[in-house]
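Asks:
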Amino acid sequence: MPAKKKSAIPAVEPMPEGTMIVAQFKSADGESTGPPLNLPGDATPEQLELLLNQLLNQSEDPLPYSFHVGEDEIVKSLWVDRKDKSTEDAITIVYQPQAVFRVRAVTRCTSTLSGHTEAVLSCSFSPDGSKLATGSGDTTVRIWDLNTETPQFTLKGHKSWVLSIAWSPDGKTLASGSMDNTVRLWDPKTGKSLGDGLRGHTKWITSLAWEPYHLNSKANRLASSSKDHTVRVWDTVLRRMVMSISGHTAAVTCVKWGGEGLIYTASQDKTIKVWNSSGMLVKTLQGHGHWVNTLALNTDFVLRTGPFDHTCKRHATEEEAKAAALKRYKEFKGNRPERLVSGSDDFTMFFWEPETSKKPITRMTGHQKLVNHVSFSPDGRYIASGSFDTSVKLWDGATGKFIGNLRGHVGSVYQVCWSSDSRMLLSGSKDSTLKVWDIKKLKIKLDLPGHLDEVFAVDWSPGGDKVASGGKDKQLKIWRH
Numbered sequence: 001m002p003a004k005k006k007s008a009i010p011a012v013e014p015m016p017e018g019t020m021i022v023a024q025f026k027s028a029d030g031e032s033t034g035p036p037l038n039l040p041g042d043a044t045p046e047q048l049e050l051l052l053n054q055l056l057n058q059s060e061d062p063l064p065y066s067f068h069v070g071e072d073e074i075v076k077s078l079w080v081d082r083k084d085k086s087t088e089d090a091i092t093i094v095y096q097p098q099a100v101f102r103v104r105a106v107t108r109c110t111s112t113l114s115g116h117t118e119a120v121l122s123c124s125f126s127p128d129g130s131k132l133a134t135g136s137g138d139t140t141v142r143i144w145d146l147n148t149e150t151p152q153f154t155l156k157g158h159k160s161w162v163l164s165i166a167w168s169p170d171g172k173t174l175a176s177g178s179m180d181n182t183v184r185l186w187d188p189k190t191g192k193s194l195g196d197g198l199r200g201h202t203k204w205i206t207s208l209a210w211e212p213y214h215l216n217s218k219a220n221r222l223a224s225s226s227k228d229h230t231v232r233v234w235d236t237v238l239r240r241m242v243m244s245i246s247g248h249t250a251a252v253t254c255v256k257w258g259g260e261g262l263i264y265t266a267s268q269d270k271t272i273k274v275w276n277s278s279g280m281l282v283k284t285l286q287g288h289g290h291w292v293n294t295l296a297l298n299t300d301f302v303l304r305t306g307p308f309d310h311t312c313k314r315h316a317t318e319e320e321a322k323a324a325a326l327k328r329y330k331e332f333k334g335n336r337p338e339r340l341v342s343g344s345d346d347f348t349m350f351f352w353e354p355e356t357s358k359k360p361i362t363r364m365t366g367h368q369k370l371v372n373h374v375s376f377s378p379d380g381r382y383i384a385s386g387s388f389d390t391s392v393k394l395w396d397g398a399t400g401k402f403i404g405n406l407r408g409h410v411g412s413v414y415q416v417c418w419s420s421d422s423r424m425l426l427s428g429s430k431d432s433t434l435k436v437w438d439i440k441k442l443k444i445k446l447d448l449p450g451h452l453d454e455v456f457a458v459d460w461s462p463g464g465d466k467v468a469s470g471g472k473d474k475q476l477k478i479w480r481h
């Protein structure tokens with residue numbers, strides 16, 4: 001079924017011949033670039049890009065940009081895409097850099113890997129994309145060799161389902177959280193367990209989050225959230241608890257460790273809490289009418305990949321890697337506060353800037369059933385949400401405003417993930433398919449059938465060349481272009 005357009009677009013009134021528009025280029029941070037210019041009304045994004053690269057003295061090595069006037073993205077020309085057609089006042093054209101590299105859509109399954117004896121519940125590529133880990137209902141974690149697309153290690157130790165896995169930002173440690181109430185640490189190079197399980201939680205582990213690399217290049221602090229209402233922070237080298245964070249009055253469903261050192265927790269008590277890295281409560285974010293299931297930060301991708309950019313090159317020293325991670329984070333964030341989106345059983349999402357206010361910026365409505373997963377695009381420009389109502393919805397990453405529906409699934413959508421260039425989105429569903437969506441066109445790009453049952457877990461490698469999926473049929477599938 002074709003996706004809905006952003007809105008019904010009325011016929012565009014023809015542009016009077018010779019129309020000129022006075023325009024000022026501004027960066028997303030609000031800094032003016034060059035003087036106000038007299039531009040032809042029919043100027044296209046390609047022409048604006050050429051001009052902007054000249055103004056920024058980068059014509060030799062031009063970068064791609066997107067352009068907005070107010071909330072309108074310039075897709076065809078200045079005249080066509082602006083709702084306000086007056087030419088009297090100067091307009092502001094806000095530009096944002098787009099990814100310099102392009103990810104190609106995955107089109108075929110290159111491997112179906114057996115090994116797990118129960119459902120695959122989670123899958124995750126390492127920060128540099130060189131390894132893949134999966135967690136399963138069979139109590140094991142598996143690490144797969146991506147060069148040969150074969151099983152490499154089976155990590156045994158948990159006594160119940162493995163619900164979450166998380167790579168340390170340097171890629172040197174893998175953490176897993178289970179329904180057996182423990183967190184385990186593994187060496188992905190050898191497949192060996194690093195000591196015994198981290199014990200202390202009295203109910204099962206719901207999610208895991210590592211401290212960002214630019215804040216801690218030792219990569220030795222991990223947060224775990226649990227159904228026991230608490231979050232625990234562990235020293236993964238000494239393998240002991242550093243602090244227990246309590247304050248929620250029901251299960252904690254999700255934990256995120258932000259780029260400014262704040263820890264965000266979502267709970268079935270309908271609240272989101274914000275803590276500093278010492279475990280002190282900073283803010284409680286209220287508004288949801290039911291359980292909060294999922295959180296996403298606009299910094300998620302840059303924090304997940306830490307010192308590794310899309311080339312995934314390794315750094316010679318820890319200092320060099322930490323400097324690279326900090327530079328990537330600062331370039332991404334600019335002077336704007338970190339943004340957070342929460343999704344709930346109340347069918348809604350809230351858009352927050354917790355650093356500046358405990359009031360939401362906007363309430364995002366439209367889903368007809370619970371919101372299962374939310375995710376910011378790597379460039380922070382979009383938010384995608386997947387719901388039990390079978391739809392994927394796209395929202396503006398700066399304002400939280402609704403952009404459009406991605407329709408095609410006929411079962412609940414469990415998980416969504418982005419290509420690293422933010423141009424495509426992948427969704428996994430109860431209907432046993434994966435779908436690749438073209439974000440610019442709001443249309444399905446590829447339908448990827450192949451699984452024999454519900455698809456619970458999907459991930460797109462940070463380098464963009466591979467997708468992994470797993471689910472109820474116990475199979476792990478690798479997809480490539």
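Per UniProt numbering, residue 1 is the first one in the sequence shown, and the count goes up by one each step. All residues carry an ideal CB built from backbone N, CA and C; glycine is no exception.
1) On the DSSP letters alone, give me the boundaries of the alpha helix (DSSP H) that Thr148 sits inside.
2) Could you tell me if Met20 is buried or exposed, where buried requires 16 or more neighbouring beta carbons within 10 angstroms of its beta carbon?
3) To the nearest angstrom, report how far apart Gly129 and Gly404 are at their CA atoms.
4) Assign Glu46 to one of three DSSP states: helix, strand, or coil.
5) Closer than 6 Å by C-beta to Val75: which residues in its own chain qualify, once you throw out the five before and the five after it? Chain order, please.
6) From the DSSP output, in three-state form, read off Lys333 for me.
7) Which partner residues does Ala166 have in the DSSP bridge list?
8) Rounded to a whole number of angstroms, what is the C-alpha to C-alpha distance between Ile361 and Thr117?
9) What first and last residue would you give for the beta strand (DSSP E) that runs through Val436?
10) With contact counted as at least three CB pairs below 8 Å, one residue from each stretch, are the region 87-94 and the region 449-468 in contact?
11) Below 8 Å, how does it come out for the region 300-313 and the region 321-328: are there three or more Cβ pairs, yes or no?
12) Would you list the residues sitting across from Phe25 in a DSSP beta bridge?
13) Measuring straight from C-alpha to C-alpha, what distance separates His288 and Leu370?
14) Return the CA-CA distance between Lys6 and Arg336, expressed in angstroms with no decimal places.
15) What separation, rounded to the nearest whole angstrom, lies between the Cα atoms of Pro2 and Lys445?
16) Which of helix, strand or coil does DSSP assign to Val80?
17) Tell me which residues share the same chain as Glu353 and place their Cβ nearer than 7 Å to its Cβ, disregarding the 5 neighbours each side in the sequence.
18) So if DSSP puts Ala296 in a beta bridge, which residue, or which two residues, is it bridged to?
19) Roughly how many angstroms separate the alpha carbons of Val183 and Asn57, rounded to a whole number?
20) In this structure, how does DSSP classify Phe153 when only helix, strand and coil are distinguished?
21) Taking the alpha carbon of Ser432 as the point to measure from, which residue in Ser419, Lys443, Val413 has its own alpha carbon closest?
22) Under 7 Å Cβ to Cβ from Ser377, same chain only, skipping five residues before and after it: list those, please.
23) Any beta-carbon of chain C closer than 8 Å to the one on Trp352?
24) Look at the Cβ atom of Val94, then the Cβ atom of Ala28, and state whether they are nearer than 8 Å.
25) Buried or exposed for Asp280, please, with buried defined as at least 16 other CB atoms from any protein chain shown within 10 angstroms of its CB.
26) Please name the residue in Lys159, Ser160, Ile165, Trp257 whose C-alpha comes closest to that of Ile143.
27) Measure the C-alpha to C-alpha separation of Gln475 and Lys83 and round it to an integer number of angstroms.
28) With a cut-off of 8 Å, do at least 3 Cβ pairs link the region 131-146 to the region 99-106?
29) So which of Asn53, Thr140, Asn181 has the shortest CA-CA distance to Gly34?
30) At which residues does the beta strand (DSSP E) containing Trp257 begin and terminate?
31) According to DSSP, is Gln54 part of a helix, a strand, or is it coil?
Replies: On the basis of the data shown:
1) Where Thr148 is concerned, there is no enclosing alpha helix (DSSP H), given that its DSSP letter is neither H nor E.
2) exposed
3) 30 Å
4) helix
5) Asp81
6) helix
7) Ala175
8) 45 Å
9) 434-438
10) no
11) yes
12) Thr33, Ile93
13) 12 Å
14) Unreliable placement is indicated for Lys6, whose pLDDT of 44 sits below 50; the coordinate value is still reported in the next sentence. Approximately 27 Å between the Cα atoms of the pair.
15) With a pLDDT of 47 at Pro2, under the threshold of 50, the modelled position of this residue cannot be trusted; read the value that follows with caution. The straight-line gap from Cα to Cα measures roughly 11 Å.
16) helix
17) Pro337, Arg339, Ile361
18) Val341
19) 51 Å
20) strand
21) Val413
22) Gly397, Trp418, Ser422
23) No chain C appears in this structure, which consists of one protein chain only.
24) yes
25) In the sequence under discussion, the amino acid at residue 280 is Met, which differs from the Asp named in the question. With fewer than 16 other Cβ atoms within 10 Å, it is exposed.
26) Ile165
27) 49 Å
28) no
29) Asn53
30) 252-257
31) helix
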